[in-house]
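Residue numbers (my numbering): 1182 to 1665. Ideal Cβ positions, reconstructed from N, Cα and C, are used throughout, including at glycine.
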């Protein structure tokens, strides 16, 4: 017995509910039974038990006092005005899973992560979400609870007000021209990038292998097409007919080169070199990580369940991105257990070789003394939010960031929200070149992810050539730079 299983009598294993309490707690108010309790209900029961130990106001008087600081939407010229969080809270209030825990405590489910939720304390005017922790202001979850309570008390519903979504201008003639010619331009840019690759000498006898530049070109183009190796063969042959390849590699040859560990540092260098033409434009950067799925399963025998269990393995790509053109300036790929924070110093060092770093934005996962010092050592200013348990004492870089967050939070948030560009970059990579890899071997999977990131940089360069009028020139990559 174990896990989140439930017996017919209402007993829940592994969730905190036992015996008649489980049955009684999962009855509707009209007295009708709803069947077996769900895992979410059991978690809610644990939250209720925890809430009984909180110093929150349990009386109606305390709740009414806590609501005095939140008046109804203001009226301007007879029209109700509502900010974005209030409007989102009104929409969220329609979720039937919002439940009163006890006293001033309410449970509001997450809209993005299933099974997760936040606790709203109406008396203390707090919420456990990241938005409240960062802004210390009213969030959509608090608004949602207020709308739910107002509806329960019979208050007149507020008419929905559509908040205009912020849009950004698009130069459609340039955009259309880039999209129509991107593939042709990417092939030419990739050829110029691979021209700098010098193959190592071939010792011994026998036929010479395919030039390393042609092999790398074929690998990247295979990933660019999003096809399998066999179905990408016509595209690779078309590149040879256009003069971009001296010898078109066969699909089996490409598979062999994907599994070469010595190509991993070479692909990282190509990513950095492909971003170098934009060094005069990019000075603010954002860092984060994202996952890429595989078709490989990890299996183990679970003694708790008494059977074999399995889960899909995945890779984690760590990248630093320019916030103007969304070009990837440095990248590394690890397995799914690779932590984010230790990757930042290496990404900064790689970016600093070609760019002038003025700002670096990152989320709380990158908050550490070493990371803040690494950013300041290259002349940049870190914009990393503090955690709820962070303290003001620390090194000089830590204290400077603490003062900025405390004394000028509006300016800090304006710089910090540049971090959303790295999310846009990862979204673009996955939408254009796929969210998963085809390879089975771990080394081949790493190289395939790096090829996806390189393809994205080629797309950014193609657009920058149209919009900014740049002419990319790449440096050569010597054979000695490729780790054996």
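**Study point:** Proximity to residue 1632 [Cα-Cα], best of 1325, 1439 and 1563
**Key:** Closest in C-alpha terms to residue 1632, from the list 1325, 1439 and 1563, comes 1439.
Check your understanding: Can residue 1499 and residue 1459 be called in contact, C-beta distance under 8 Å?
Key -> Contact check for residue 1499 against residue 1459 fails: the beta carbons are separated by 8 Å or more.
Review point. Around the C-beta of residue 1354, are 16 or more other C-beta atoms found within 10 angstroms, so that it is buried, or is it exposed?
Key: Flag for residue 1354 reads exposed.
Exercise for review: With DSSP as the reference, label residue 1668 as helix, strand or coil.
Suggested key: Here the chain comprises residues numbered 1182 to 1665, so residue 1668 is not present and cannot be evaluated.
**Study point:** Segment contact flag, the region 1394-1412 with the region 1621-1640, C-beta cutoff 8 Å, min 3 pairs
**Key:** Result yes; three or more Cβ-Cβ pairs closer than 8 Å.
Point to revise | Rounded distance between the beta-carbons of residue 1453 and residue 1531, thought under 8 Å | key: Between the beta-carbon of residue 1531 and that of residue 1453 there is about 6 Å, and that keeps the pair under the 8 Å contact cut.
Exercise for review: May I ask which residues mark the beginning and end of the beta strand (DSSP E) holding residue 1496?
Suggested key: Counting along the chain, the beta strand (DSSP E) containing residue 1496 begins and ends at 1488-1503.
Exercise for review: Would you check if the distance between the CB atom of residue 1273 and the CB atom of residue 1325 is smaller than 8 Å?
Suggested key: Going by C-beta atoms, residue 1273 is nearer than 8 Å to residue 1325.
Check your understanding: Would you say the region 1570-1585 touches the region 1465-1475, given that touching needs at least three Cβ pairs under 8 Å?
Key -> Judged by Cβ distances under 8 Å, the region 1570-1585 makes no contact with the region 1465-1475, as fewer than three pairs qualify.
Practice item. Determine which residues share a DSSP beta bridge with residue 1300 and list them. Key: Answer is 1288, bridged to residue 1300.
Exercise for review: Determine the direct distance from the alpha carbon of residue 1345 to that of residue 1367, and round the result to whole angstroms.
Suggested key: Straight across, the Cα-Cα distance linking residue 1367 with residue 1345 is about 37 Å.
Exercise for review: Return the residue from the list 1288, 1464 and 1418 that minimises the CA-CA distance to residue 1562.
Suggested key: Just measuring C-alpha positions, the residue of 1288, 1464 and 1418 sitting nearest residue 1562 is 1464.
Practice item. Please state if the CB of residue 1270 and the CB of residue 1321 are separated by a distance shorter than 8 Å. Key: For the 8 Å CB-CB criterion, residue 1321 and residue 1270 form a contact.
**Study point:** Bounding residues of the alpha helix (DSSP H) (the contiguous stretch that carries residue 1330)
**Key:** Residue 1330 -> alpha helix (DSSP H) spans 1321-1333.
Check your understanding: Given a threshold of 16 other Cβ atoms within 10 Å of its Cβ, counted over all protein chains shown, does residue 1323 qualify as buried or as exposed?
Key -> Residue 1323 comes out buried.
Exercise for review: Keeping to the same chain, check which residues put their C-beta closer than 6 Å to that of residue 1651; ignore five residues upstream and five downstream.
Suggested key: Only 1458 and 1645 meet the Cβ criterion.
Point to revise | CA-to-CA distance, residue 1636 to residue 1404, given in whole angstroms | key: Taken atom to atom, the span from the alpha-carbon of residue 1404 to that of residue 1636 is near 8 Å.
Practice item. Leaving out five residues on either side along the sequence, give the residues of the same chain with a beta carbon under 6 Å from the beta carbon of residue 1603. Key: The residues are 1467, 1469 and 1502.
Review point. Does the beta-carbon distance from residue 1304 to residue 1455 come in below 8 Å?
Key: Going by C-beta atoms, residue 1304 is not nearer than 8 Å to residue 1455.
**Study point:** Backbone secondary structure at residue 1652 - three-state DSSP
**Key:** The three-state secondary structure of residue 1652, taken from DSSP, is coil.
Practice item. Reducing DSSP to helix, strand and coil, say where residue 1446 ends up. Key: Helix at residue 1446.
Exercise for review: Counting only the same chain and skipping the five closest in sequence on each side, list residues whose C-beta sits under 7 Å from that of residue 1626.
Suggested key: Closer than 7 Å at Cβ, skipping near neighbours: 1475, 1496, 1618 and 1620.
Point to revise | Simplified DSSP assignment, three categories, for residue 1562 | key: In the three-state scheme derived from DSSP, where H, G and I count as helix and E and B as strand, residue 1562 is classed as strand.
Exercise for review: Would you mind working out which of 1552, 1372 and 1415 sits nearest residue 1393, comparing C-alpha positions?
Suggested key: Of 1552, 1372 and 1415, the residue nearest in Cα terms is 1372.
Check your understanding: Quick one: what's got a C-beta closer than 7 Å to residue 1584's C-beta in the same chain, skipping five residues either side?
Key -> Apart from the 5 residues on each side of it in sequence, residue 1584 has no Cβ closer than 7 Å to any other Cβ in its chain.
Exercise for review: Compute the beta-carbon to beta-carbon distance between residue 1540 and residue 1596, rounded to the nearest angstrom, for a pair I have assumed lies under 8 Å.
Suggested key: Confirmed, about 6 Å.
**Study point:** Same chain, Cβ closer than 6 Å to residue 1565, five either side skipped, listed in chain order
**Key:** Within its own chain, the residues whose Cβ lies closer than 6 Å to the Cβ of residue 1565, once the five positions on either side in sequence are excluded, are 1543, 1547 and 1548, listed in chain order.
Point to revise | residue 1442 burial status per 10 Å Cβ neighbour count (16 or more: buried) | key: Answer is exposed; the Cβ neighbour count stays below 16.
Review point. Tell me which same chain residues have a C-beta within less than 6 Å of the C-beta of residue 1242, skipping the five on either side of it?
Key: With a pLDDT of 38 at residue 1242, under the threshold of 50, the modelled position of this residue cannot be trusted; read the value that follows with caution. Excluding the 5 residues flanking it on each side, residue 1242 has no same chain C-beta neighbour closer than 6 Å.
Practice item. Could you tell me whether the Cβ atoms of residue 1418 and residue 1429 are closer together than 8 Å? Key: The answer is yes: Cβ separation under 8 Å.
Check your understanding: What did DSSP end up calling residue 1264 once you bin it into helix, strand or coil?
Key -> Here residue 1264 sits in coil by DSSP.
Review point. Looking at C-alpha atoms only, which residue of 1508, 1384, 1437 and 1587 is the closest neighbour of residue 1572?
Key: Put simply, of 1508, 1384, 1437 and 1587 the residue whose alpha carbon is nearest the alpha carbon of residue 1572 is 1587.
**Study point:** For residue 1654 and residue 1377, the rounded distance between their alpha carbons
**Key:** The straight-line gap from Cα to Cα measures roughly 10 Å.
Exercise for review: Measure the CB-CB distance between residue 1615 and residue 1407 and report whether it falls below 8 Å.
Suggested key: Yes, the Cβ-Cβ distance between residue 1615 and residue 1407 is below 8 Å.
Check your understanding: Span of the alpha helix (DSSP H) holding residue 1276?
Key -> No alpha helix (DSSP H) holds residue 1276; DSSP gives it neither H nor E.
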